[in-house]
Amino acid sequence: MKRLILTLALVLGIATMASAQNYAVVNSEKIFKSIDQYNQAITQLDQMANDYQTKVDAKFEEVEKIYNAYMQRRSQLSAASQQANEENILKLEQEAQKYQESIFGTDGELMKKRLELIQPIQKRVFEAIETYAKQKGYDMIIDISQNATMLYYSERADHTDEIIALLK
Numbered sequence: 002m003k004r005l006i007l008t009l010a011l012v013l014g015i016a017t018m019a020s021a022q023n024y025a026v027v028n029s030e031k032i033f034k035s036i037d038q039y040n041q042a043i044t045q046l047d048q049m050a051n052d053y054q055t056k057v058d059a060k061f062e063e064v065e066k067i068y069n070a071y072m073q074r075r076s077q078l079s080a081a082s083q084q085a086n087e088e089n090i091l092k093l094e095q096e097a098q099k100y101q102e103s104i105f106g107t108d109g110e111l112m113k114k115r116l117e118l119i120q121p122i123q124k125r126v127f128e129a130i131e132t133y134a135k136q137k138g139y140d141m142i143i144d145i146s147q148n149a150t151m152l153y154y155s156e157r158a159d160h161t162d163e164i165i166a167l168l169k
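As structure tokens, then:
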């Protein structure tokens, strides 16, 4: 009998805790896209990426051009000359890859610019979400923008528009 009462109390306690938790969902992508500064930053970053990609492509095209020219005259060269040309081509290719990494890598110019432009906006949005959650008494805010595991949510739980209004 004691076990039954204890089990029943435990189940009721868990059910009460689960129903007491207060949560909301927001679409962070929609929030970010509602901010003009964010849209301008994304446009600027896209333009920079395109410009950088053109420069990177030019470096690799130059390596390819040198390689193709070498391959056409390879049979006419001595073994030492072939080796020197191949080493030069490899060196040029490594330089192109290093340049590409300096632009597009995790510590590259584009990432640094992205952090410079986007991070202050992200901080502002996350602070607004935190402020909203504390004001409304939410225990948890769930981002539904790219969550592949979110199978269902009620429109009543979506507070994206209130966060957007708070940011304006």
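Numbered as in this note's numbering, the sequence shown ends at 169 without a single skipped number. Don't be surprised by glycine CBs; every beta carbon is placed ideally from N, CA and C.
Check the Cα spacing between Y68 and each of D58, E88, A50, F127: the tightest is with E88. Y139 places its beta carbon 8 Å or farther from that of I164. Closest by C-alpha distance to V27, out of D159, A166, K169, is D159. If you draw a straight line from the Cα of S76 to the Cα of S82, it is about 11 Å long. Fewer than three Cβ pairs drawn from the region 93-100 and the region 113-131 lie within less than 8 Å of each other, which leaves the two stretches out of contact. Here A25 is buried: its Cβ has 16 or more other Cβ atoms, across all protein chains shown, within 10 Å. In this structure, Q38 is the residue among Q38, Y71, A59 with its C-alpha nearest to the C-alpha of R115. Selection A166, I32, E65 evaluated against Q98 yields E65 as nearest (Cα-Cα). Of the other Cβ atoms in all chains shown, 16 or more fall within 10 Å of the Cβ of T161; this residue is therefore buried.
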